[in-house]
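Contents: one structure, followed by commentary.
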Amino acid sequence: MKALVHYFNIFYKWVGTKIFLFAFLVLSTTIVESLGFTIALPILEYGSDPGESSRYTIFIYEFLESLNIKVSIVSLVALVTFIFVVKAIIRFIQVTIGLKVVFKFSQDLKFDLIERYRKMKYSYFINTEIGYFNNLITTEIATTIAAFNKYISVLVKIITVIVYLSFAFLFSWEITLTAVCSIVIIYFLFLPITNKIKRLNIILVKANASLQNSFIQFILNFKYLKATSNFLNPINNIKTAVKIQRNKGFESYLIESGTPIILELFSMILFLMGILFLVLIHDLEIASLLVTILFIYKSLLRIPEFQTAFQGFMAQSASVDVVEDARNQLEDNSEIFIGETINSFSSKITLHNIDFSFGDKQILSKINIKVPYQSSIGIVGESGSGKTTLVDIITGLLRPQSGKIEIDGMDYNSLNKESLRRLFGYITQEAIVFNDTIFNNITLWSGDDTDNECLKRVEKSCQIANCSDFINGTDHGYNTIVGDRGIKLSGGQNQRLAIAREIYRETQITIFDEATSSLDTKSENLIQGSIDNLIGRQTIIIIAHRLSTIRNCNYIYVLDKGRIVQEGSWDDLISDSNSMFAIMCRLQGVIN
Ligand SMILES: Nc1ncnc2c1ncn2[C@@H]1O[C@H](COP(=O)(O)OP(=O)(O)OP(=O)(O)O)[C@@H](O)[C@H]1O
Ligand SMILES: [Mg+2]
């Protein structure tokens with residue numbers, strides 16, 4: 331009962347008042363259906379001595395006569411037919427509305443989750459497993475919808491049983507009471523089983539998420555695992571989850587399917603014993619007895635169905651909790667896109683005394699940086715010195731623990747972060763490519779490849795990013811599918827494609843995080859050319875290991891263990907031949 335109320339509150343929050351409309355329709359159908367059965371009594375008693383007819387039969391006869399209809403077997407059958415026609419109509423409306431509610435609910439839940447994913451903080455994203463997100467939107471939502479269906483059917487069964495028992499009670503309260511007692515006894519007998527199923531299913535939900543996670547990792551890293559024949563442990567992780575699914579799934583399904591069989595047997599024995607007892611003591615009127623037994627039999631039939639539906643629901647209810655929990659967590663970790671909207675950048679971005687840590691680990695300390703409009707800024711430093719973290723702070727993906735960032739004099743905290751991020755183009759350290767055509771990779775599905783204007787813009791972006799040659803060399807040109815994570819292209823081609831996308835977007839500030847790291851000297855020169863093309867026309871932030879890449883930057887910051895240890899123009903920085911920068915340059919052979 332507690333569970334029913336708990337989930338009612340959740341579903342009510344998700345679906346709204348439509349649940350009541352649905353329940354009302356179920357109630358109406360059942361009442362009309364019950365009327366159809368009770369009408370059997372006057373038919374059974376038709377032709378017998380009016381003095382011996384039950385009160386109910388007399389009431390129906392009087393009702394027909396008040397409508398000026400002569401009581402006959404024909405009019406009684408016509409009345410039954412009428413009642414069943416009304417029932418069919420209500421039932422049809424009920425099914426239609428029910429299906430509408432369920433499908434709309436499924437869509438709303440998925441849309442809502444995707445929206446929550448979009449809004450989740452980047453810091454929450456990096457601390458959560460991919461499998462968790464994937465499992466939620468695929469498996470858990472589907473199970474939640476199935477659980478909702480079962481919940482509705484549990485409600486339907488409860489209503490049906492109550493209505494049938496009420497009718498039965500009107501005919502013979504003694505027999506009905508016996509039946510109700512049997513139901514209560516059975517409910518308590520089977521309570522531990524229901525709880526057991528719930529526990530099993532919490533384990534199954536966890537196994538599902540873990541399977542998806544291990545599997546995604548397996549697929550994402552397939553090339554490495556294959557090339558090194560290093561499959562053993564990754565596959566064991568998958569197998570462990572599958573084994574849990576098998577064992578616990580078997581147990582859960584066995585209990586779920588086995589209970590109704592035992593339950594039906596139990597309820598029939600209990601009930602028949604009760605009837606026997608009553609008939610031996612009381613001399614009950616046969617016609618009323620028949621109708622009462624019909625009702626009780628029908629409601630008793632519902633009890634195993636109810637138990638199955640309820641256990642089925644409890645089995646799947648773990649997913650409802652998982653989805654509800656995820657929604658709450660995503661809500662707690664969501665970015666609220668309020669604040670001032672920024673549409674353009676015209677003066678400078680400044681970072682004042684920025685401190686940033688991941689948990690207890692201090693990554694950046696007392697960072698002061700200025701990025702003037704249309705300048706080109708280079709950031710260099712050893713691997714792990716905090717360069718990527720720094721640009722993630724500049725784009726507003728990560729929020730520093732202390733310090734202040736301003737863009738054109740406006741505090742980042744007062745800005746709508748979505749509008750802020752639209753100003754940025756970001757060529758990330760690992761090139762971002764989608765498994766689709768080259769054209770869609772550049773337009774991110776915002777363009778139409780039959781539109782000449784759009785095609786020209788795409789081609790121009792590719793020229794600037796120096797990728798036209800390789801695209802024209804492919805079999806299908808701009809319609810070439812690049813494969814998952816660009817597996818059908820080379821690392822450098824993917825990198826240039828990512829650059830073309832940002833050029834196509836015409837953003838105001840472009841960040842290159844190691845854009846040339848996976849390129850050969852020739853392609854590096856090509857990219858260098860395209861970056862140099864943008865210098866002076868756009869604001870650019872370049873992170874590079876290869877120092878030659880940042881030679882043309884207006885200003886350079888040197889990071890070491892999260893601190894800025896040197897800054898200035900290229901010439902300033904190399905003027906001190908003992909400085910860290912000059913040493914790095916000499917090591918790379920950039921200067922003598
Ligand atoms: N999500 C995270 N949780 C905890 N620590 C992290 C996380 N991401 C990065 N770090 C740590 O922060 C430090 C800086 O990482 P960052 O990626 O900014 O370095 P980087 O200068 O870009 O290095 P590289 O040149 O290798 O790309 C590293 O020590 C890294 O281990
Ligand atoms: Mg990095």
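If you're matching positions, the sequence shown starts at 331 in this note's numbering and goes up one per residue.
From the three backbone atoms N, C-alpha and C, an ideal C-beta is built for every residue, glycine too.
Next item on the list: Drop a sphere of 10 angstroms on the beta-carbon of Q896, count the other beta-carbons inside from all chains shown, and report buried for 16 or more, exposed for fewer.
Entry: In the sequence shown, counting from the first residue as 1, residue 896 sits at position 566. Label assigned to Q896: buried.
Next item on the list: Look at S540 and T570 and say whether their C-beta atoms are less than 9 Å apart.
Entry: For the purposes of this step, residue 540 is taken as the residue at position 210 of the sequence shown. For the purposes of this step, residue 570 is taken as the residue at position 240 of the sequence shown. Taking a C-beta distance under 9 Å as the contact criterion, S540 and T570 qualify as a contact pair.
Next item on the list: Inspect the beta-carbon positions of I668 and K734 and report whether they are closer than 9 Å.
Entry: Position 338 of the sequence shown, counted from the start, is the residue given in the question as residue 668. Position 404 of the sequence shown, counted from the start, is the residue given in the question as residue 734. No, they are not a contact pair.
Next item on the list: Check whether the Cβ of T347 sits closer than 8 Å to any heavy atom of ligand 2, and report yes or no.
Entry: Start at 1 with the first residue of the sequence shown, and residue 347 comes out as number 17. Checking the Cβ of T347 against ligand 2 gives no.
Next item on the list: Put V710 into one of helix, strand or coil per three-state DSSP.
Entry: Counted from its first residue, the sequence shown places residue 710 at position 380. In the three-state reduction of the DSSP assignment, V710 falls in the strand class.
Item checked: By C-beta, the residues closer than 5 Å to any heavy atom of ligand 1, given in chain order -> Those residues are I456, F688, I693, S713, G714, S715, G716, K717, T718, T719, given in chain order.
Notebook entry, point to check: For the alpha helix (DSSP H) that contains Y834, what are its first and last residues?
Noted result: Position 504 of the sequence shown holds residue 834. For Y834, the uninterrupted alpha helix (DSSP H) segment begins and ends at 821–835.
Checklist line | Enclosing alpha helix (DSSP H) for S453 [first to last residue] | finding: Here residue 453 refers to the residue found at position 123 of the sequence shown. Unbroken alpha helix (DSSP H) run through S453: 452–456.
Margin query: If the criterion is Cβ atoms closer than 9 Å, does the pair T869 and T840 meet it?
Written below: Position 539 of the sequence shown, counting from 1, holds the residue named residue 869. Position 510 of the sequence shown, counting from 1, holds the residue named residue 840. In this structure, T869 places its C-beta atom within 9 Å of the C-beta atom of T840.
Margin query: Tell me the rounded alpha-carbon separation between L903 and E712.
Written below: Taking the sequence shown and counting its residues from 1, one reaches residue 903 at position 573. Taking the sequence shown and counting its residues from 1, one reaches residue 712 at position 382. One C-alpha to the other measures close to 16 Å.
Check: If you pair each beta-carbon of the region 733–748 with each one of the region 652–659, do three or more pairs fall below 8 Å?
Finding: Counting Cβ pairs under 8 Å, fewer than three are found: no touch.
Checklist line | Integer Cβ distance of V425 from V345, believed to fall under 8 Å | finding: Here residue 425 refers to the residue found at position 95 when the sequence shown is read from its first residue. Here residue 345 refers to the residue found at position 15 when the sequence shown is read from its first residue. Actually they do not touch by this definition, with Cβ atoms about 17 Å apart.
Checklist line | Extent of the continuous beta strand (DSSP E) to which R893 belongs | finding: Position 563 of the sequence shown, counted from the first residue, corresponds to residue 893. Looking at the DSSP string, the run of the beta strand (DSSP E) that includes R893 is 893–898.
Checklist line | Option nearest Q437 by Cα separation, candidates V415, I403, A472 | finding: Indexing the sequence shown from 1 puts residue 437 at position 107. Closest in C-alpha terms to Q437, from the list V415, I403, A472, comes A472.
Check: Going by the C-beta, is Q759 closer than 8 Å to any heavy atom of ligand 2?
Finding: Taking the first residue of the sequence shown as position 1, residue 759 is located at position 429. Q759 Cβ: within cutoff of ligand 2.
Next item on the list: Run the proximity test for E844: is its beta-carbon closer than 8 Å to any non-hydrogen atom belonging to ligand 2?
Entry: Position 514 of the sequence shown, counted from the first residue, corresponds to residue 844. Yes, Cβ of E844 sits closer than 8 Å to a heavy atom of ligand 2.
Notebook entry, point to check: Are there 16 or more other CB atoms within 10 angstroms of the CB of W775, so buried, or fewer, so exposed?
Noted result: Taking the sequence shown and counting its residues from 1, the one referred to as residue 775 is at position 445. Here W775 is exposed: its Cβ has fewer than 16 other Cβ atoms, across all protein chains shown, within 10 Å.
Note to self: Measuring straight from C-alpha to C-alpha, what distance separates G807 and T879?
What the structure shows: Working through the sequence shown from its first residue, we reach residue 807 at position 477. Working through the sequence shown from its first residue, we reach residue 879 at position 549. One Cα belongs to G807, the other to T879, and the distance between them is close to 29 Å.
Note to self: Pull the bridge partners of D741 from the DSSP assignment, please.
What the structure shows: Here the question's residue 741 lines up with position 411 in the sequence shown. The partner list for D741 (beta bridge, DSSP) reads E736.
Next item on the list: Can you say whether V429 is buried or exposed, counting buried as having 16 or more other CB atoms within 10 angstroms of its CB?
Entry: Within the sequence shown, the letter at position 99 stands for residue 429. Note that residue 429 is Leu in the sequence shown, not Val. By the 16-neighbour rule on beta-carbons within 10 angstroms, L429 is exposed.
Margin query: Using only the alpha-carbon positions, how far apart do Q759 and A845 sit?
Written below: Here residue 759 corresponds to residue number 429 of the sequence shown, with the count starting at 1. Here residue 845 corresponds to residue number 515 of the sequence shown, with the count starting at 1. Computed Cα separation, rounded: 7 Å.
Notebook entry, point to check: Is the Cβ-Cβ distance between Y885 and I894 less than 9 Å?
Noted result: Against the sequence shown, residue 885 aligns to sequence position 555. Against the sequence shown, residue 894 aligns to sequence position 564. Contact: no.
Check: Mapping DSSP to helix, strand and coil, what is H918?
Finding: Residue mapping note: residue 918 aligns to position 588 of the sequence shown, counting from 1. Sequence inspection shows Gln at residue 918; the His mentioned does not correspond to that position. Collapsing the DSSP output to three states places Q918 in coil.
Check: Based on the DSSP output, what are the partners of T622 in its beta bridges?
Finding: On the sequence shown, position 292 is the one that residue 622 refers to. Answer by DSSP bridge pairing: none, since T622 is not bridged.
Check: What alpha helix (DSSP H) runs, 4 residues minimum, are completely inside the region 371–450?
Finding: Counting only runs of 4 or more residues that sit fully inside the region 371–450, the alpha helix (DSSP H) segments are 385–396, 403–449, in chain order.
Checklist line | For I489 and F441, the rounded distance between their alpha carbons | finding: The count along the sequence shown starts at 1 and reaches residue 441 at position 111. The count along the sequence shown starts at 1 and reaches residue 489 at position 159. Put simply, the backbone Cα of F441 is about 32 Å away from that of I489.
Check: Mind checking whether the beta-carbon of I762 lies closer than 8 Å to any heavy atom of ligand 2?
Finding: Walking along the sequence shown from the start, residue 762 turns up at place 432. For ligand 2, not one heavy atom lies less than 8 Å from the Cβ of I762.
Item checked: I794 beta carbon near ligand 2 (any heavy atom closer than 8 Å) -> As a first step, residue 794 is located in the sequence shown; it is residue number 464 there, counting from the start. No, Cβ of I794 sits at least 8 Å from all heavy atoms of ligand 2.
Margin query: Please identify the residue among S677, K434, Q823, N908 whose C-alpha is closest to the C-alpha of A795.
Written below: Numbered from its first residue, the sequence shown carries residue 795 at position 465. Of the listed residues, the one whose Cα sits closest to A795 is Q823.
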